[in-house]
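What follows is a set of notes on a single structure, which appears directly below.
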């Protein structure tokens, strides 16, 4: 079914995601904070309509997607002056793809409900390449009815979409994902650093151990660039710090103990201090002296 | 080619490994510290010869395999009274499958060389099931000539055998493996614990995230038993502590920094203190309160 949709935020994730909606035939209105990016999008997708504000984009749309940077950005785009909420129609569904706090998700669901609209928090994983190839994973929270309605359209850019519970649950699941990655990457960093310090060929060691109990996606996909200390790709440290900050903040409320995630967050602060804000998260290894 | 071989140490790993040598037709003499275990082996493998001492087992063997617990056990079995070294013939190859220190490997190579014999340190990964199924990974250190000679016979129980460098390199590679696992398991423990504390269904979260950047062998193979807090299987905490101790000791010498491995070693000390010496390593999650 062809839908009228709005997509707010045309960053490295949102730009290709909105493109998939257009390619699937949906009548798509876009908005981006910096107009240059919207213009570039319109040039690439002549069928796209560029709106002057989030509210204007949202007006008349059955689904309003948001994919921006942080909680404060979501608040601006949805709840601020000319925000999407003002244009959100009764019966529409607001879908926030931003990785943000679970608290914000609960608040947004309440505000959407006041307008007779549904809401899903729906952070994604899979990175820029997943967005471009339409193979993202969507972790969703919200009412089952809103989820069922959104499911077909999310399939335009997601290979896997799962509802984890009420509003906020998608954000909480994304936090679990990032906590697991923090452990994998710190272990892998120490392992490769130890191999170098011990005089081993780290590539040969990875070849020997990469099929067994130490195997991980990160080992398979990042060991080579970690050994080369090449980090101009992937998921940036500043975003990982944002995500770990969300997890650590949530843990303060729910009482979870996260000693490793807290430590890795501090290690990433050191990577940032040495100029690595935009480096891939596997740059965690740079904290450890290269021998 | 059928060889005369000796296998010293019929524990959970050595018992099935020696069995594979017999099934491949090699003339196999075995020895074990506790004779009951040798008797059980002989009952299961009528072609096996049980020797009264490591020296007697080694006499006339082209390959002498050792698979015991710790450095001190290897010293007893190889260098002690009636140890394997006394029976080691010129031209034989001593292969130590024990996970032990790199220093010991270098010492054993020197002692074997004095007798005109070769040496390989050859710790394995793959666990009891890998030993039983003959699908172990062998990480080897030593002279290329010794490695080439041993390679076909190691194939009786290994799916993958790799030489990483001179004597000690196999042990160092195994340490890298264990360091990586420590990170994966602590991250996974905190992730599942956080999911529980946040009120999510941890099984559903794993289903959502297990195909992406957080994926690991441990996540795939241990998440269910971690959620169930069932640890009567797998690789025991006391052995992981031994291995982390080897890595931390080696890091003192080579200057590597292992903040996470050091922390996880302490966490395992807490697991041991609550009675978990024999639990699987994934019991790291028990340090974190179950909500």
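Protein chains in written order, with my numbering: chain A, 1 to 291; chain B, 1001 to 1291.
Beta carbons are placed, not taken as given, at the ideal position from N, Cα and C, and that holds for glycine.
All values reported here derive from a predicted model rather than from experimental measurement.
Could you give the DSSP three-state label for residue 1031/B: helix, strand or coil?
Start at 1 with the first residue of the second chain, and residue 1031/B comes out as number 31. Strand.
What does DSSP give as the partner residue(s) for residue 236/A in the beta ladder?
For the purposes of this step, residue 236/A is taken as the residue at position 236 of the first chain. Within the DSSP bridge table, the entry for residue 236/A names 280/A as partners.
Ordered list of beta strand (DSSP E) runs contained in the region 139 to 204 of chain A, each at least 3 residues:
158 to 165
Compare the C-alpha of residue 57/A against each of 46/A, 78/A, 69/A and name the closest.
Taking the first residue of the first chain as 1, we reach residue 57/A at position 57. Answer by Cα proximity: 78/A.
Anyone know if the C-beta pair for residue 260/A and residue 1260/B falls short of 8 Å?
To locate residue 260/A, count along the first chain from 1; it is residue 260. To locate residue 1260/B, count along the second chain from 1; it is residue 260. Closer than 8 Å, so yes.
Determine contact between the region 1158 to 1176 of chain B and the region 197 to 208 of chain A, defined as no fewer than three beta-carbon pairs at a distance below 8 Å.
yes
Residues in the region 1182 to 1199 of chain B having any Cβ partner in chain A nearer than 9 Å:
1182, 1183, 1184, 1185, 1186, 1187, 1188, 1189, 1190, 1191, 1192, 1193, 1194, 1195, 1196, 1197, 1198, 1199
Which chain B residues are close to residue 137/A, counting only those with a beta carbon under 9 Å from its beta carbon?
Position 137 of the first chain, counted from the start, is the residue given in the question as residue 137/A. In chain order: 1208, 1209, 1211, 1212.
Spell out the partners DSSP gives residue 76/A in its beta bridges.
Counting from 1 along the first chain, the entry for residue 76/A is found at position 76. In the DSSP output, where bridge partners are listed per residue, residue 76/A has none listed.
So which residues on chain B does residue 304/A lean against when the C-beta distance must stay under 9 Å?
Since the first residue shown for chain A is 1 and the last is 291, residue 304/A is missing from the structure and cannot be characterised.
Tell me which residue opens and which closes the beta strand (DSSP E) that residue 1118/B is part of.
As a working note, residue 1118/B is residue 118 in the second chain. Per DSSP, residue 1118/B belongs to the beta strand (DSSP E) from 1118 to 1121.
So with Cβ pairs under 8 Å, would you call residue 94/A a contact of chain B?
Along the first chain, read from residue 1 onward, the residue named residue 94/A stands at position 94. No, residue 94/A does not count as interfacial toward chain B.
Note down the Cα distance separating residue 1164/B from residue 1088/B, rounded to an integer number of angstroms.
The residue you call residue 1164/B lines up with position 164 of the second chain. The residue you call residue 1088/B lines up with position 88 of the second chain. Distance between the alpha carbons of residue 1164/B and residue 1088/B: 25 Å.
Relative to the C-alpha of residue 1101/B, which residue among 1183/B, 1072/B, 1005/B, 1110/B is closest?
Sequence index remark: in the second chain, residue 1101/B carries index 101 (1-based). It is 1072/B.
Would you mind sorting residue 280/A into buried or exposed? The rule is 16 or more other CB atoms within 10 Å of its CB.
What you label residue 280/A is simply residue 280 of the first chain in a count that begins at 1. When all chains shown are included, residue 280/A counts as buried.
Outcome for residue 1012/B when other beta-carbon atoms lying within 10 angstroms are tallied against a minimum of 16:
Translated into positions along the second chain, residue 1012/B becomes position 12. So residue 1012/B counts as exposed.
Taking C-beta pairs closer than 7 Å, name the residues in chain B that residue 254/A reaches, listed in chain order.
Reading the first chain from its first residue, position 254 is the one you call residue 254/A. Neighbours of residue 254/A on chain B, chain order: 1197, 1198.
Given this structure, state the Cα-to-Cα distance separating residue 7/A from residue 45/A, to the nearest angstrom.
If you number the first chain from 1, residue 7/A lands on position 7. If you number the first chain from 1, residue 45/A lands on position 45. Put simply, the backbone Cα of residue 7/A is about 13 Å away from that of residue 45/A.
With 8 Å as the C-beta to C-beta threshold (strictly closer), list the residues of the region 62 to 77 of chain A near chain B in chain order.
none
Tell me, to the nearest whole angstrom, how far the beta carbon of residue 98/A is from that of residue 74/A; I am working on the premise that it is less than 8 Å.
Taking the first residue of the first chain as position 1, residue 98/A is located at position 98. Taking the first residue of the first chain as position 1, residue 74/A is located at position 74. So it is a contact: roughly 5 Å between Cβ atoms.
What does residue 8/A pair with, by DSSP beta-bridge criteria?
Numbered from its first residue, the first chain carries residue 8/A at position 8. DSSP lists 31/A, 66/A as partners of residue 8/A.
In chain A, what lies closer than 7 Å to residue 1176/B by C-beta?
Along the second chain, one-based indexing puts residue 1176/B at 176. Those within 7 Å of residue 1176/B in chain A are 191, 194, 195, 205, 209.
Let me make sure I understand the geometry here. Which of 205/A, 42/A, 213/A, 47/A has the alpha-carbon closest to that of residue 25/A?
For the purposes of this step, residue 25/A is taken as residue 25 along the first chain, with counting starting at 1. The option with the nearest alpha carbon to residue 25/A is 47/A.
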